[in-house]
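Asker:
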Amino acid sequence: MCRSAVISLPRCIPSSHHRDDGPRSLELLESLGALETWKGNTSRSCVYLNAALTRYEEEANAKGVASVLVKHTAASYRAAMFGSALTTATTALDTYVRLGDARGANDASYWLASCLAELNRESEALPIFRKALEWYQKQEDDIGAVHCLVAIGEVQRRQLQRHEALAAVNKAVEIATKSGDRLGAAKALRVAGDTHLSLKDMTKAAVTISELCLLARKLGWDEGVSAGLGNMASLKVHQGGYHEAQVLYQESILVARRSGRRRELAKSLWLLGKCLETQSRLTEAAPLLCEAWELFQEMGAQNSPRKRIGEMKKNSRVYNAIKMALLLI
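For the sequence shown, position 153 matches number 153 in this note's numbering, and the numbering has no gaps at all.
Below, the structure is given as structure tokens:
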């Protein structure tokens with residue numbers, strides 16, 4: 001989990017000519033990798049992390065290897081490569097357990113559960129999140145506790161336990177605000193906004209999503225900015241403001257594409273396509289829905305919103321338009 005913001009770091013790519021700086025150079029490589037993950041540069045992140053991993057393996061430093069694997073997990077997860085992320089999280093957890101490192105094991109457990117949740121294995125993820133939450137609370141680790149509460153809230157939201165989800169994320173906002181964890185607060189606001197939308201409480205949704213957009217922009221958290229813009233667009237659709245919604249969806253798509261956030265990109269492409277389809281603008285909707293479909297497929301069928309895909313197939317007008325766009329008919 002990201003615990004700090006890096007203000008100024010060297011921009012050099014690691015090479016074999018810089019191999020004598022000791023532990024600090026390895027920590028720097030890990031930090032650079034985490035920073036590039038935050039910025040959405042997965043390939044660049046892997047350059048730094050692989051360089052650190054090679055050094056740790058050469059030194060037979062199991063704890064260092066596990067640390068890099070957790071950061072690799074985060075990079076893969078944020079690039080929506082959940083199968084790969086699950087594999088590295090499992091290896092990292094096994095290593096930390098073998099070393100008797102409780103903190104490392106709980107950090108790895110958090111990412112393991114996060115991957116399971118994205119692979120539609122929420123029933124397996126939830127008890128892991130709760131166990132990790134209990135450990136972080138005992139250690140008075142507010143950042144770890146907030147991450148787990150947000151994750152628990154998101155799983156409960158998906159399981160339609162919406163009031164329980166709100167209780168979890170509201171608690172996360174409270175803890176994050178007191179401890180100064182602004183990123184944690186933003187992540188909690190994101191889930192809260194999604195939940196208010198699911199409950200059709202548009203007034204609370206509008207307030208929460210506005211707070212998310214403002215905070216995410218201040219933090220430079222592109223994933224949150226894209227998600228917030230997409231949700232604000234959905235509010236406009238609900239109010240019949242299609243033109244305003246289109247502008248917001250387009251901005252959400254731009255932010256997601258620029259920062260490599262494939263999940264947010266696919267979702268906003270799909271919703272913009274649906275918005276245009278509602279207005280019978282099928283020619284414009286088809287390529288957007290097409291790209292969204294392809295992204296869902298690339299991320300794996302388990303990550304595709306099943307209801308949306310089924311809805312698309314049932315809607316013959318949209319499905320035929322997509323096939324035409326693909327030149328299949």
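By construction, the Cβ of each residue, glycine as well, lies at the ideal position given by its N, Cα and C atoms.
1. Our contact map puts A85 next to T73 with C-beta atoms below 8 Å; I'd like the distance itself, whole angstroms only.
2. Is K200 helix, strand or coil when you go by DSSP?
3. Take every Cβ of the segment 90 to 110, pair it with every Cβ of the segment 56 to 65, and state whether three or more of those distances are shorter than 8 Å.
4. Measure the alpha-carbon distance for L272 versus A286 and round it to whole angstroms.
5. Starting from the Cα of T88, find the closest Cα among L215, L53, E58 and give me that residue.
6. Mind checking whether L166 and C148 have CB atoms under 9 Å apart?
7. For W135, report the span of its alpha helix (DSSP H) as first-last.
8. How many Å lie between S234 and N120 at the Cα?
9. Would you identify the three-state DSSP class for N50, choosing helix, strand or coil?
10. Using the C-alpha atoms, what's the distance from E211 back to W221?
11. I'd like the span of the alpha helix (DSSP H) that includes Q297, first residue to last.
12. Within the same chain, show all residues whose beta-carbon is closer than 6 Å to that of T195, passing over the 5 residues directly before and after it, in chain order.
13. Select from E58, E59, C46 the residue whose C-alpha is nearest the C-alpha of V70.
14. Can you give me the start and stop residues for the alpha helix (DSSP H) that A60 sits inside?
15. Report, in whole angstroms, the separation of the C-beta atoms of E30 and V68, which I expect to be a contact under 8 Å.
16. Leaving out five residues on either side along the sequence, give the residues of the same chain with a beta carbon under 6 Å from the beta carbon of E251.
17. Should T203 go down as buried or exposed, given a rule of 16 or more other Cβ atoms within 10 Å for buried?
18. Going by Cα to Cα distance, which pick from T283, I152, L214, R262 is closest to R182?
19. How many whole angstroms separate the CB atoms of S226 and E284, which I take to be in contact at a CB cut-off of 8 Å?
20. Assuming Q297 and C275 make a contact with CB atoms under 8 Å, what is their CB distance in whole Å?
21. Give me the Cα-Cα distance between A79 and R262, rounded to the nearest whole angstrom.
22. Hey, which unbroken runs of the alpha helix (DSSP H) at 4 residues or more fall wholly within the segment 235 to 282?
23. Cα-Cα, which of A34, E59, E223 is closest to Y48?
24. Based on Cα-Cα distance, which residue from K267, G240, G260 lies nearest to Y249?
25. Rounded to whole angstroms, what is the Cα-Cα separation between Q302 and A75?
26. According to DSSP, simplified to helix, strand and coil, what is G193?
27. Where do the N-terminal and C-terminal ends of the alpha helix (DSSP H) with Q156 fall, by residue?
28. Within this structure, are the beta carbons of Q139 and R103 separated by less than 9 Å?
29. What's the C-alpha gap between K200 and G224?
Answerer: Working from what's here:
1. Correct: roughly 5 Å between the Cβ atoms.
2. Residue state for K200 is assigned as coil, using DSSP reduced to three classes.
3. Flag = yes, the segment 90 to 110 and the segment 56 to 65 touch.
4. Taken atom to atom, the span from the alpha-carbon of L272 to that of A286 is near 10 Å.
5. Minimum Cα distance to T88 is reached at L53.
6. Taking 9 Å as the Cβ cut-off, L166 and C148 do not qualify as a contacting pair.
7. First-last of the alpha helix (DSSP H) with W135: 122 to 138.
8. If I take the Cα positions, the gap works out to 24 Å.
9. Of the three classes helix, strand and coil, the one that applies to N50 here is helix, per DSSP.
10. C-alpha separation (whole angstroms): 13 Å.
11. In the DSSP annotation of this structure, the continuous segment of the alpha helix (DSSP H) that includes Q297 starts and ends at 282 to 299.
12. Hits under 6 Å: R157, R162, A165, L166.
13. Comparing Cα positions, the closest option is C46.
14. Here A60 belongs to no alpha helix (DSSP H), and DSSP marks it neither H nor E.
15. Confirmed, about 6 Å.
16. Excluding positions up to five away in sequence, the list reads L229.
17. By the neighbour-count rule (16 or more Cβ atoms within 10 Å), T203 is not buried but exposed.
18. Among T283, I152, L214, R262, the Cα nearest to that of R182 is on L214.
19. By a beta-carbon distance limit of 8 Å, S226 does not contact E284. Their separation comes to about 21 Å.
20. That pair is no contact at about 22 Å.
21. Rounded to the nearest angstrom, the two C-alpha atoms are 7 Å apart.
22. Runs of the alpha helix (DSSP H) inside the segment 235 to 282: 242 to 259, 262 to 278.
23. It is A34 whose Cα lies nearest to the Cα of Y48.
24. Closest in alpha carbon position to Y249, among K267, G240, G260, is K267.
25. Confidence in Q302 is poor, its pLDDT being 45 and thus under 50, which makes the residue's placement too unreliable to answer from.
26. Helix.
27. DSSP places Q156 inside the alpha helix (DSSP H), whose first and last residues are 142 to 158.
28. Contact flag set, yes.
29. If I take the Cα positions, the gap works out to 21 Å.
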